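Counting from 1 along the sequence shown, just add 4 to a position and that's the residue number in this note's numbering.
Cβ coordinates follow ideal geometry from the N, Cα and C atoms, glycine included.
Since the model is a prediction, treat every value here as computed from it, not as a measurement.
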Amino acid sequence: MLKEFYALSFGFAALILLQAQGAHSQPAGQIPCGARAEILAQLADRYHETRRAIGLAANNTLLEIFASEESGSFTILATVPGGPTCLIAAGENFETVAERLQLSGKTT
5 MLKEFYALSF
15 GFAALILLQA
25 QGAHSQPAGQ
35 IPCGARAEIL
45 AQLADRYHET
55 RRAIGLAANN
65 TLLEIFASEE
75 SGSFTILATV
85 PGGPTCLIAA
95 GENFETVAER
105 LQLSGKTT
């Protein structure tokens, strides 16, 4: 089950990467990437975001979700081993939920 979740997560991230159209004034089709330390500093200093979730996708790609309780902004990052950190998505109205989603066709 965990392997299926990771595969779905990576597939979703790859889909977003392929469809990304320049956040923060990047040319269309270019994914904004950079040095991890610089990106994390900007998320903390400029957006007041802290890490809320972390996971490993295929090929040991690190996926992270950062969010700000103050503003509700959030950012999803992907970092490949030895490579740059790239912006996958950013948005507003982030919420933390405690409920667990029920899998279709299964009862708990």
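80 is the residue among 60, 57, 80 and 87 whose C-alpha sits nearest the C-alpha of residue 96. Distances from the alpha-carbon of residue 72 to those of 103, 47 and 37 put 47 closest. Beta-bridge partners of residue 57 (DSSP): 69.
Residue 35 carries a coil assignment under DSSP once its states are collapsed to helix, strand and coil.
Residue 78 is bridged by DSSP to 71 and 95. At a Cβ-Cβ threshold of 8 Å, residue 64 and residue 88 do not count as neighbours. For residue 77, same chain residues with a beta-carbon under 6 Å away, outside a window of 5 residues either side, are 51 and 96 in chain order. The same chain holds no residue with a CB closer than 8 Å to that of residue 107 once the five nearest residues on each side in sequence are set aside.
Spatial neighbours of residue 53 in its own chain (CB-CB distance under 8 Å, excluding positions within 5 residues in sequence) are listed in chain order as 47, 70, 71, 72, 77, 78 and 79. The residues 51, 52 and 96, in chain order, have a CB closer than 8 Å to that of residue 75 in the same chain once the five nearest residues on each side in sequence are set aside. With 16 or more other Cβ atoms from the protein chains shown falling within 10 Å of its own Cβ, residue 67 counts as buried.
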